[in-house]
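Worksheet: the structure to be examined is printed underneath.
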Amino acid sequence: MDLTRRHVLTAASATAASLAGGVLLSGCGRHDTSSAQQSPLALTVAAKSPWMANQVALTSDGTMFLGLPRFPGHETTPSVARRSSDGTVAPFPGNAWNEWAPGDSGRDSFVYVNSVHVFADDSVWCVDQGGLRPDASPKELSTPKPGAQKIVRLDARNGTVLDVLRFDDDILPTGAQMNDLRVHGTTVYITDSGLGALIIHDTATGRTLRRLAGRAQMLGTQSPTPTPTTASPSNGGTANKHRTPKSDMIEVSADGTWLYWSTPDGPVRRVRTSVVRDTSLSDGEVAAQVEHVADIPLCGGCALDTRGNLYLSDIDHHRILLLSPAGERTVLASEAGLISPDGSFIDGDRRLYVPAPQTRLTKLFGHAKDLTSKPFLIYSLRLPDTFDGIRLGDAVTGG
Numbered sequence: 142m143d144l145t146r147r148h149v150l151t152a153a154s155a156t157a158a159s160l161a162g163g164v165l166l167s168g169c170g171r172h173d174t175s176s177a178q179q180s181p182l183a184l185t186v187a188a189k190s191p192w193m194a195n196q197v198a199l200t201s202d203g204t205m206f207l208g209l210p211r212f213p214g215h216e217t218t219p220s221v222a223r224r225s226s227d228g229t230v231a232p233f234p235g236n237a238w239n240e241w242a243p244g245d246s247g248r249d250s251f252v253y254v255n256s257v258h259v260f261a262d263d264s265v266w267c268v269d270q271g272g273l274r275p276d277a278s279p280k281e282l283s284t285p286k287p288g289a290q291k292i293v294r295l296d297a298r299n300g301t302v303l304d305v306l307r308f309d310d311d312i313l314p315t316g317a318q319m320n321d322l323r324v325h326g327t328t329v330y331i332t333d334s335g336l337g338a339l340i341i342h343d344t345a346t347g348r349t350l351r352r353l354a355g356r357a358q359m360l361g362t363q364s365p366t367p368t369p370t371t372a373s374p375s376n377g378g379t380a381n382k383h384r385t386p387k388s389d390m391i392e393v394s395a396d397g398t399w400l401y402w403s404t405p406d407g408p409v410r411r412v413r414t415s416v417v418r419d420t421s422l423s424d425g426e427v428a429a430q431v432e433h434v435a436d437i438p439l440c441g442g443c444a445l446d447t448r449g450n451l452y453l454s455d456i457d458h459h460r461i462l463l464l465s466p467a468g469e470r471t472v473l474a475s476e477a478g479l480i481s482p483d484g485s486f487i488d489g490d491r492r493l494y495v496p497a498p499q500t501r502l503t504k505l506f507g508h509a510k511d512l513t514s515k516p517f518l519i520y521s522l523r524l525p526d527t528f529d530g531i532r533l534g535d536a537v538t539g540g
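Numbering (this note's numbering), first residue to last: 142 to 540.
Printed below as a string of C-alpha cells:
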C-alpha cells in the first residue's frame, strides 16, 4: 500500500494498535486532510419516515426500527417506529408508550427517545431522556418526572416490554441525560450527555456504576455550533440555542475489551472495559488510563465494525468518514441529502444505515421557521470487503 497522508502512523504505532485490538485514530485532525484515492460510494434511500428520525436499527431478519426525537417543532411524534415490509412506518409498540403528551408522568410512555439500538438477542433497546430538550423547552417540560428517564427493552416481534431500567439519583443526578448505549454480554454501557459521565450497568447482578462524572475526559472542545447563515435579524432569524452535548457517541469493540466514547465535536477517547468496571479503582485512577484516540470533525453519530473501523456521520460535510485502526482516514460516502447525519447502524448483511434528520434546519438553530421537509430519509450502502485499501468488517452485535 502506497504511503499517503492517510497513513499517518508509524509502523510501530500501527502494530501497537493491532495488538491492542482497538481503533487508533490519533492522526485524524478536526480539520479534514483526507486524500482518498477511491471515489466515495453512493448512498441509496433505504426508508422514508413521516417523522424526524435520528436513529436506525435492524433485527437479524431485516426489520427496521427508528428513533424519533421530540425535537423543537417536531413534538408530535410516536418516538419509536417500526418499518413494515411494504415500506410503511408505524408507531411501535403501538399503544400508550407512543402517546405521551405534556402533563403526563412519562413513566410508562416515551417522552424524548434519543437512541434506538438492536444487539445480538434481537430485542429493541430505547433510551428515553424523560424530558424535552433543556435548550428549547421550559423547565417543567425539560425536567424528567420520577421514573420518566429510562431504558426500555422491547420484543421486536410483538412490542412486549421485556425490561425497563431506571436509576436512582446517585446514578442520574439532576441534569443528567442518558444519551446512547451499547451492550456487550451482560454489561450495558451508557453515556450521560447532560453532565458528562459513563454509566455501567450489569444486568446479571443489577450493579450500576457512574464513572468519570464531569471530568475532562467526558467533555469535548465544546466549540459553539455555527448559527446557520439563513438565521439573522434581517430575515427574522433568532439566536442559535443549541447546546452541544457532553459525552455522547459510544461504542464497544467486538471482543468487549475497549470502550470508546466522544462528544459530537470530539475527541474520541477509550478505556479498557476491565478498568472502568473495576470498583477497586477510583475515578482518578480510571481517568489516568483513558486514552486519547482521535480528534474528529463535528459528528452526529457513529458505528464500529468487527475490524475496528469507525464510521462517523460528518455533519458539516454531508458525508461518512471511515477511520481505520491503523490511523487511515477516508471519505466512504457523500450525499447532499445527508443533512445532519446521526446515529448509524451496521446490520447482519453488512449494510450501513445512516438517518438524515435535518436537525440543523429547525428553529433551534436560529431559523425563523422550521425548514425541514418530509419525508425524512434513511440512507444506506453495502459495505465492500475493502475500501481505499482498508479491510472492512461485520456488524458488532455485543454478543
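C-beta atoms are modelled at their ideal positions from N, C-alpha and C, and glycine is treated no differently.
Going by Cα to Cα distance, which pick from Ser465, Arg323 and His258 is closest to leucine 199? His258
Write down the C-beta distance between glycine 361 and threonine 404 rounded to the nearest angstrom, noting that I regard them as a contact closer than 8 Å. Sure, about 3 Å apart at Cβ, within 8 Å.
Looking at C-beta atoms only, is the number of pairs between the region 522-536 and the region 201-209 that lie closer than 8 Å three or more? no
If you compare alpha carbons, which of Thr420, Ser250 and Arg460 is closest to valine 302? Comparing C-alpha distances from valine 302 to each of Thr420, Ser250 and Arg460 shows the shortest one belongs to Ser250.
Mind checking whether isoleucine 341 and tyrosine 330 have CB atoms under 8 Å apart? yes
May I ask which residues mark the beginning and end of the beta strand (DSSP E) holding alanine 536? No beta strand (DSSP E) contains alanine 536, which DSSP labels as neither H nor E.
Alanine 188 - DSSP class collapsed to helix/strand/coil: strand
Give the DSSP-derived three-state secondary structure of threonine 346 in the structure shown. coil
Can you have a look at glycine 442 and say buried or exposed, based on whether 16 or more other CB atoms are within 10 angstroms of its CB? buried
The beta strand (DSSP E) spanning alanine 354 covers which residue range? Note, alanine 354: premise wrong, no beta strand (DSSP E); not H, not E.
Taking the CB atoms as reference points, tell me whether aspartate 87 and valine 265 lie closer together than 8 Å. Coverage of the chain is limited to positions 142 through 540, which leaves residue 87 absent and any answer about it impossible.
Bounding residues of the beta strand (DSSP E) (the contiguous stretch that carries glutamate 432): 432-435
Tell me which same chain residues have a C-beta within less than 7 Å of the C-beta of glutamate 476, skipping the five on either side of it? These residues qualify, in order along the chain: Leu184, His459 and Tyr520.
Whole-angstrom C-beta distance between glycine 235 and tyrosine 253, which should lie under 8 Å: At roughly 19 Å, the Cβ-Cβ gap does not stay under 8 Å, so tyrosine 253 and glycine 235 are not in contact.
Starting from lysine 280, trace the alpha helix (DSSP H) both ways and give me its first and last residue. 280-283
Could you give the first and the last residue of the continuous beta strand (DSSP E) run that contains alanine 428? Run containing alanine 428: none in the beta strand (DSSP E); it sits in the alpha helix (DSSP H), 424-428.
Under a Cβ-count criterion, where at least 16 other Cβ atoms within 10 Å of its own Cβ denotes burial, should threonine 346 be classed as buried or exposed? exposed
What do you get for leucine 533, buried or exposed, if any count of 16 or more other CB atoms within 10 angstroms of its CB means buried? buried
Exposed or buried, which one is threonine 217 when buried takes at least 16 other CB atoms within 10 Å? exposed
What does DSSP give as the partner residues of glutamate 392 in its beta bridges? Tyr401
Can you tell me whether serine 465 sits near the ligand NAP, meaning its C-beta is under 7 Å from at least one heavy atom of the ligand? Looking for the ligand NAP in the displayed structure turns up nothing, as the structure carries no ligands at all.
Can you tell me which of Arg470, Ser514, Ser485 and Arg523 puts its alpha carbon nearest to the alpha carbon of asparagine 195? The residue with the shortest Cα to Cα distance from asparagine 195 is Ser485.
Phenylalanine 506 versus glutamine 499 - alpha carbon distance: 11 Å
What residues in its chain sit with their C-beta under 8 Å from that of glutamine 430, if we drop five residues either side in the sequence? Val412, Arg413 and Val416
Rounded C-beta distance between alanine 317 and glycine 335? I'm assuming under 8 Å. 5 Å
I'd like the span of the alpha helix (DSSP H) that includes serine 475, first residue to last. Per DSSP, serine 475 belongs to no alpha helix (DSSP H); it is in the beta strand (DSSP E), 470-475.
Less than 8 Å between the C-beta atoms of histidine 325 and glycine 539, yes or no? yes
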